[in-house]
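Enquirer: Okay, handing you the structure first.
Residue numbers (full-length UniProt numbering): 1 to 439.
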């Protein structure tokens, strides 16, 4: 039987030996684990005077072994940093703290705006500045949405500053901010073909949808424009969106934590499985957006008008070469096409009515589930929320109730099982829901 010969450990080595069993002699034999194991895990036990495993040269030499060690350490450091980023973001999401609200900024604020706002907040909450009581108030620094600092103790001020500082560190780092933004509740619903074709205002329904999706775009997308926008700019707009590329991060949606891997093979398997999940989510994200882009391009009135003009010009040129009988037959065909288009428009209107009715029923069902299975069962029921639920269920406003149902479903999905915290959050959503569709 062949025997694997491994390099010997130097006499000055004070680390840990790994034992293995020899099938030849039938008894335990103390052997080393190999150069790779020693370089990666055991070299840190060496004293600076003990040098490398091969020679007494100091670790700061320019040898290839030292260079390889530096590269390996750099990779391990980057992995630890990436892992810590994911853990910090995951912890912030689990704490359900609104980092933008803590920093008193909009989710669309720039990095410079966030930095300026943090400096203002530090004047109020930093222990060295407040000294147990804020030296300036919110009105003096021009901050909206700030908690009432007059009722906060020194400990409360310090605790709030730690939260604000953690929020600032996450939001000021592009990688962490993108991870955080990617896992916040996001309404990824987009207008369907039926919604667009039956909408009285194409720009009123598609403009907000494109603006909403633009937050994930790599690069700055052009504006949708209006009916006066030149045709070339319209084509450039759809060309950009047809090549849509998203920076949306789905890493927190993976199942396996690489830090829990027992060995390199298990870690590689975890990475492969995690990538399958991320790849699937990225594909679904791109398909969702491109389907909307294709539909919007087909229904865009500017492009439809251009296509119609080209069709009419081609038809007129063809009719000049036709006989009277051919022209009569072509005109009859055009009348049939117009009648079919009119019938389709009526059919779409009926389908839209049915769709809105279904939305109304499903939204009210979600409200009942949130109230009965969460709020009532977790003893969060009160007269004000009971009255509000009755008023919402009496509404005939599909669009408004759909928005409320989306928020309720997002909260239910995040908590998974009925709990006190989830019931309180659902209660707040219902109480804050407007009763007037125009509000």
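Don't be surprised by glycine CBs; every beta carbon is placed ideally from N, CA and C.
So what's residue 332 in DSSP terms, helix, strand or just coil?
Expert: helix
Enquirer: Below 8 Å on the Cβ atoms is my guess for residue 256 versus residue 278; work out the distance and round it to an integer in Å.
Expert: With a Cβ gap of about 12 Å, residue 256 and residue 278 do not count as contacting.
Enquirer: How close, in whole Å, do the beta carbons of residue 358 and residue 193 come, if the pair is a contact with beta carbons under 8 Å?
Expert: Not a contact, Cβ separation roughly 16 Å.
Enquirer: Label residue 351 either buried or exposed according to how many other C-beta atoms from any shown protein chain fall within 10 Å of its C-beta, with 16 as the threshold for buried.
Expert: Answer is exposed; the Cβ neighbour count stays below 16.
Enquirer: Name the residue from 392, 184, 376 whose alpha carbon lies nearest to the alpha carbon of residue 96.
Expert: 184
Enquirer: Report the three-state DSSP secondary structure of residue 206 (helix, strand or coil).
Expert: Under the three-state reduction of DSSP, residue 206 is assigned to helix.
Enquirer: For residue 313, is the classification buried or exposed, using 16 other Cβ atoms within 10 angstroms of its Cβ as the cut-off for buried?
Expert: Its Cβ having fewer than 16 others within 10 Å, residue 313 is exposed.
Enquirer: Around the Cβ of residue 422, are there at least 16 other Cβ atoms within 10 angstroms (buried) or fewer (exposed)?
Expert: buried
Enquirer: So for residue 110, helix, strand or coil by DSSP?
Expert: coil
Enquirer: From this set, 247, 271, 252, 246, which residue's C-alpha is nearest residue 258's C-alpha?
Expert: 271
Enquirer: In or out: residue 336 buried (at least 16 other Cβ within 10 Å) or exposed?
Expert: Residue burial is scored here from C-beta neighbours: residue 336 has fewer than 16 other C-beta atoms within 10 angstroms and is therefore classed as exposed.
Enquirer: Let's test the definition: count the other Cβ atoms within 10 Å of the Cβ of residue 322 and tell me whether it reaches 16, buried, or not, exposed.
Expert: exposed
Enquirer: Please determine, among 199, 360, 108, 125, the residue with the shortest C-alpha to C-alpha distance to residue 394.
Expert: 360
Enquirer: Counting only the same chain and skipping the five closest in sequence on each side, list residues whose C-beta sits under 6 Å from that of residue 107.
Expert: 100
Enquirer: Mapping DSSP to helix, strand and coil, what is residue 56?
Expert: Summary for residue 56: the model assigns pLDDT 39, below 50, so the residue's position carries little reliability; its value from the coordinates is reported in the next sentence. Three-state DSSP puts residue 56 in coil, outside helix and strand.
Enquirer: Starting from the Cα of residue 403, find the closest Cα among 123, 176, 189, 168 and give me that residue.
Expert: That would be 189, whose Cα lies nearest to the Cα of residue 403.
Enquirer: Would you call the CB atoms of residue 231 and residue 207 closer than 8 Å?
Expert: Against a cut-off of 8 Å, the Cβ pair of residue 207 and residue 231 comes out as no contact.
Enquirer: Taking C-alpha atoms, which residue in 152, 200, 365 lies nearest to residue 299?
Expert: 200
Enquirer: Can you list, in chain order, the residues of its chain whose CB lies under 6 Å from that of residue 202, leaving out five sequence neighbours each side?
Expert: 301
Enquirer: Taking the alpha-carbon of residue 419 as reference, which of 373, 405, 396 has the nearest alpha-carbon?
Expert: 373
Enquirer: Mind checking who residue 217 pairs with in its DSSP beta bridge?
Expert: 246
Enquirer: Answer yes or no: do residue 216 and residue 248 have a C-beta to C-beta separation smaller than 8 Å?
Expert: yes
Enquirer: Just verifying my parser: in three-state terms, what is the DSSP assignment at residue 150?
Expert: helix
Enquirer: Within 10 angstroms of its Cβ, does residue 345 collect 16 or more other Cβ (buried), or is it exposed?
Expert: exposed
Enquirer: Where does residue 158 fall in DSSP's three states?
Expert: In this structure, residue 158 counts as helix in the three-state DSSP scheme.
Enquirer: Measuring only from the beta carbon, is residue 420 closer than 7 Å to any heavy atom that is part of the ligand NAP?
Expert: Absence of the ligand NAP is noted for the structure shown, with no ligands found whatsoever.
Enquirer: Sorted by chain position, which residues of the same chain lie with C-beta nearer than 7 Å to residue 382's C-beta, five sequence neighbours on each side aside?
Expert: none
Enquirer: Is residue 165 helix, strand or coil by DSSP?
Expert: For residue 165, the three-state secondary structure derived from DSSP is helix.
Enquirer: Am I right that residue 213 and residue 289 are in contact with their C-beta atoms under 8 Å? What's the rounded C-beta distance?
Expert: Taking 8 Å as the upper bound for CB-CB distance, residue 213 and residue 289 are in contact here, some 6 Å apart.
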